[in-house]
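Let me begin by presenting the structure, written as structure tokens, before commenting on it.
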Amino acid sequence: MKAQGSLQVTAEAGAPLRAEGLAVGYRAATERRVLEGLDLELRAGELVCLLGPNGAGKSTLLRTLAGLQPPLAGRLFLAGREAESLSAQGRARRSAIVLTERIEAGNLTVWDLAALGRHPHTGWSGRLSETDRAAVRRGLEESGAWELRERLFDELSDGEKQRVMLARALAQEPALLLLDEPTAFLDLPRRVETMRTLRALAQDRGRAVLLSTHDLDLALRAADRLWLISAGGVLRSGLPEDLALAGAIGSAFDQGDVAFDKATGQFRIHGHPERRAHISGDAALAFWTARALEREGYAAEASGEGHDLAVRAETTGGPEKPRWIWRARGAEGVASTLEELIRRLRGHRAPD
Amino acid sequence: MSAARVWGWLAVLAMALAILFCMGLAFGSVHIPPATAAASLFGHTAPDPVWEQILWQLRLPRCLTAVLAGSALALSGLLMQTLFRNPLAGPYSMGISSGATLGVALAVLAGAGASGLPGVQALDGVRAQLGVAGSAVAGAGLVMLLVLTVARRIRSNTTLLILGLMFGQIAGSLVSVLQAFSTSEQIRSFTFWTFGSYAGVTWSQMPVLAGAVLAGSLVAAACAKPLNALLLGWTYARSLGVGVRSLRGWLLLAASLLAGAVTAFCGPVAFLGLAVPHLCRGLFRSADHRVLIPACMLLGASLSLAADMAARLPGGGRALPLNAVTALVGAPVVIWILVRRRAGRDE
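Residue numbers (this note's numbering), protein chains in the order written: chain A, 1 to 352; chain B, 1001 to 1347.
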């Protein structure tokens, strides 16, 4: 199999991507460095998510790694070869990119479009050999677009187009696959599916996959490593869990009322709570009770003393008959829905 | 579309071209049977020496010019539509022909009392022809370069089209200014030339026209593969290893060479360049330039021959302006494109 062969070559030649002291940005009248001093490495079989707030330089970094804009300083190696010494074609055989920009492809069928990925491998006429055809087919299958192959690209949905663009990139048979926000424009099931596909590509096919995303939750679960860019232009690399525990995710994203909560792995979006609530009881009920109370300005805590509110959620009457026993300062009661609980709490708080 | 069907359709187009070519030879104020005309080409002398004269000195150069011009304009349109990523691009619609016209006007006037324009009075001497053709190509290239420069800042297809028209207007008004300094004879010749005609190209001019068309086609054929990659846009093309800078240069050269040379010898011919690529895409249901390049050349040549015959329909030595005929076919195609695109995307 050709794919395996090319991957062996990659393994001998070094990591799919390595950067030393890389600086990226724009060179107009004056040079504007968005990120600098980057020492990066992407190993074969690794899925890395590039995270950071808007304007942190995610796209700029990806475009530089893909050779779409020149680095301002530093050295870049693709599969062991210095990127600058590679021809445009040689580079396209080592790395492929999927961009966010939408394309109009006129009369191109899905197969035709994916076959364009063979561009750096074919001769001057672009004629596809059996090997090329097999690579296109594999790309379409691995991205889940094989069933679409005879459709016109322009008639597909956003999610389907995304898969076809991925198939085209895979047909390039790159050791390094770069994707700029592949989950944007997609609904949740499609986002999860895309991530799963990319994971499989990294794990089973041994490609190095780097994608930028705003989907922190999904990235935390699916990525082998995160490259986290904070607003100050510092890139930290590490295991998602290590970065979360070290507070790096919080420091990259925290802004105003939004704060990353280490304990839940999620963002708190309700500012600085003034009251503290102790919630106990059935796990699922407690989770959603905490959500509802956070919106009301309570910080949900699992233990501790001196709370403004204590809620015990019970399912003693059966799973479909939950009830909430609550006690606040100077009042208490039992509610049968969260809506009722909230209404009672508001009524109780109103006088002061 | 399968490879076999592509070849089938290309064969059909080639046959249609051959038939139209023979009809073009036969058709005119003096009727010559198509079979006789075709036989004469292969060395069987026609029974009437006058027929022989008409065939070889008038109709054959005229039909050859129609074939060369039609295929060159269609190919130029195809290249421009992919280069600008704009379905409404074409040599005429984007002011490229006007640039060529300006080049011709300058060349004729600079030649002070020039022997006249190609379509009217034969320009003899290879240097004079090369001068006119060269300045037409330069004018075409200049306007295309301008449009290309502006196009990199503008996303909207329609805006770009209007810009092209404006550049054309500027070139046109410069031509008018030049005309103010011309003799009335020159103006008359020039006005006839702008109607477009295949009748004025002589045997001595043919090699220049044919050479330009051949060179342009060869460049286009060599660019077929990167042209396909360009369907995804410049960024993706670059990520696939296409040298975009040189590709842009080659396409600019080929499209100007094709459109400029034809304009120099036949006048600005409207709409063929814009419409034929769309007809081919529809016919072949393909966007592959390896198919579209030969298809556009064959269909462009055929339609060009047909339009020339239609222009000669009135008979009696009278002819309609070629542009009137091509616009009747081409303008509805543009309207169809606009309506279809508007329907697909509500703004």
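Idealized CB from N, CA, C, for every residue including glycine.
Three-way DSSP call (helix, strand, coil) for residue i in this model
{"i": "asparagine 55 of chain A", "result": "In the sequence under discussion, the amino acid at residue 55 of chain A is glycine, which differs from the asparagine named in the question. Of the three classes helix, strand and coil, the one that applies to glycine 55 of chain A here is coil, per DSSP."}
{"i": "serine 230 of chain A", "result": "coil"}
{"i": "glutamine 1179 of chain B", "result": "helix"}
{"i": "tyrosine 1198 of chain B", "result": "coil"}
{"i": "cysteine 1022 of chain B", "result": "helix"}
{"i": "tryptophan 968 of chain B", "result": "Only positions 1001 to 1347 of chain B appear in this structure, which leaves residue 968 of chain B out of reach."}
{"i": "tyrosine 1236 of chain B", "result": "helix"}
{"i": "phenylalanine 1265 of chain B", "result": "helix"}
{"i": "glutamine 162 of chain A", "result": "helix"}
{"i": "glutamate 84 of chain A", "result": "helix"}
{"i": "alanine 115 of chain A", "result": "helix"}
{"i": "valine 98 of chain A", "result": "strand"}
{"i": "glutamine 255 of chain A", "result": "strand"}
{"i": "isoleucine 1032 of chain B", "result": "coil"}
{"i": "tryptophan 1203 of chain B", "result": "coil"}
{"i": "glycine 1134 of chain B", "result": "helix"}
Nearest-angstrom Cβ-Cβ length linking residue i and residue j, presumed shorter than 8 Å
{"i": "arginine 1281 of chain B", "j": "asparagine 107 of chain A", "result": "5 Å"}
{"i": "leucine 1079 of chain B", "j": "alanine 1220 of chain B", "result": "6 Å"}
{"i": "leucine 1230 of chain B", "j": "threonine 1082 of chain B", "result": "6 Å"}
{"i": "glycine 14 of chain A", "j": "alanine 115 of chain A", "result": "About 30 Å separates the two Cβ atoms, so there is no contact after all."}
{"i": "glutamate 332 of chain A", "j": "tryptophan 326 of chain A", "result": "6 Å"}
{"i": "alanine 73 of chain A", "j": "glutamate 36 of chain A", "result": "7 Å"}
{"i": "glycine 1353 of chain B", "j": "glycine 1134 of chain B", "result": "There is no way to answer for residue 1353 of chain B, as the model of chain B reaches only from 1001 to 1347."}
Closer than 7 Å at the beta carbon, the chain B residues around residue i
{"i": "serine 280 of chain A", "result": "Result: empty, since nearest Cβ-Cβ is about 54 Å, beyond 7 Å."}
{"i": "glutamine 89 of chain A", "result": "Gly1241"}
{"i": "isoleucine 97 of chain A", "result": "Ser1239"}
{"i": "aspartate 180 of chain A", "result": "The contacting residues do not exist; aspartate 180 of chain A stays about 10 Å from chain B at best."}
Residues that residue i contacts on chain B, provided the C-beta gap is smaller than 8 Å
{"i": "serine 125 of chain A", "result": "Ala1224, Lys1225 and Arg1290"}
{"i": "alanine 134 of chain A", "result": "The premise fails here: alanine 134 of chain A is roughly 18 Å from chain B at the closest Cβ pair, so nothing lies under 8 Å."}
{"i": "leucine 68 of chain A", "result": "Thr1235, Arg1238 and Ser1239"}
{"i": "alanine 92 of chain A", "result": "Ser1239, Leu1240 and Gly1241"}
Exposure label - residue i; buried when at least 16 CB within 10 Å
{"i": "methionine 1094 of chain B", "result": "buried"}
{"i": "leucine 1123 of chain B", "result": "Because the pLDDT of leucine 1123 of chain B is 46, which lies under 50, any placement of that residue in the model is unreliable, and the number read from its coordinates should be weighed accordingly. The residue in question, leucine 1123 of chain B, is buried, as its Cβ has 16 or more Cβ neighbours within 10 Å."}
{"i": "tryptophan 1007 of chain B", "result": "exposed"}
{"i": "tryptophan 411 of chain A", "result": "Only positions 1 to 352 of chain A appear in the structure, and residue 411 of chain A is not among them; the question remains open."}
{"i": "isoleucine 967 of chain B", "result": "Residue 967 of chain B lies beyond the range of chain B shown here (1001 to 1347); nothing can be said about it."}
{"i": "leucine 177 of chain A", "result": "buried"}
{"i": "alanine 145 of chain A", "result": "buried"}
{"i": "lysine 58 of chain A", "result": "buried"}
{"i": "lysine 1225 of chain B", "result": "buried"}
{"i": "alanine 1327 of chain B", "result": "buried"}
{"i": "isoleucine 269 of chain A", "result": "exposed"}
{"i": "alanine 1270 of chain B", "result": "buried"}
{"i": "leucine 1041 of chain B", "result": "exposed"}
{"i": "histidine 1278 of chain B", "result": "buried"}
{"i": "proline 1314 of chain B", "result": "exposed"}
{"i": "aspartate 158 of chain A", "result": "exposed"}
Bridge partners - residue i, DSSP secondary structure assignment
{"i": "leucine 180 of chain A", "result": "Note that residue 180 of chain A corresponds to aspartate in the displayed sequence, not to leucine. DSSP lists A/Ser212 as partners of aspartate 180 of chain A."}
{"i": "tyrosine 26 of chain A", "result": "A/Arg32"}
{"i": "threonine 109 of chain A", "result": "A/Leu152"}
{"i": "cysteine 49 of chain A", "result": "A/Leu211 and A/Leu226"}
{"i": "histidine 278 of chain A", "result": "A/Glu301 and A/Ala310"}
{"i": "alanine 325 of chain A", "result": "Per the sequence shown, residue 325 of chain A should be read as isoleucine rather than alanine. Looking at the DSSP assignment, isoleucine 325 of chain A forms a beta bridge with A/Arg312 and A/Val334."}
{"i": "glutamate 41 of chain A", "result": "A/Arg18"}
{"i": "aspartate 261 of chain A", "result": "A/Gln266"}
{"i": "arginine 236 of chain A", "result": "A/Leu228"}
{"i": "leucine 76 of chain A", "result": "A/Ala19"}
{"i": "arginine 1245 of chain B", "result": "Answer is none; arginine 1245 of chain B lacks a bridge partner."}
Interface partners of residue i on chain B, CB under 9 Å
{"i": "glutamate 101 of chain A", "result": "Gly1233, Thr1235 and Tyr1236"}
{"i": "histidine 119 of chain A", "result": "Lys1225, Pro1226, Asn1228, Ala1229, Ala1237, Leu1240, Gly1241 and Val1242"}
{"i": "aspartate 158 of chain A", "result": "Per Cβ cutoff of 9 Å: no residues; aspartate 158 of chain A is ~15 Å from chain B at best."}
{"i": "aspartate 254 of chain A", "result": "By Cβ distance, chain B contributes nothing, its closest Cβ being about 33 Å from aspartate 254 of chain A, past 9 Å."}
Cross-chain neighbours of residue i in chain A, by beta carbon under 7 Å
{"i": "asparagine 1228 of chain B", "result": "Leu116 and Gly126"}
{"i": "serine 1286 of chain B", "result": "Asn107"}
Per-residue contacts from residue i into chain A (C-beta, under 9 Å)
{"i": "arginine 1281 of chain B", "result": "Gly106 and Asn107"}
Discussion item. If the cut-off is 9 Å on Cβ atoms, which residues from the stretch 192 to 220 of chain A count as contacting chain E, listed in chain order?
Written reply: The chain inventory of the structure shown lacks chain E, comprising the protein chains A and B.
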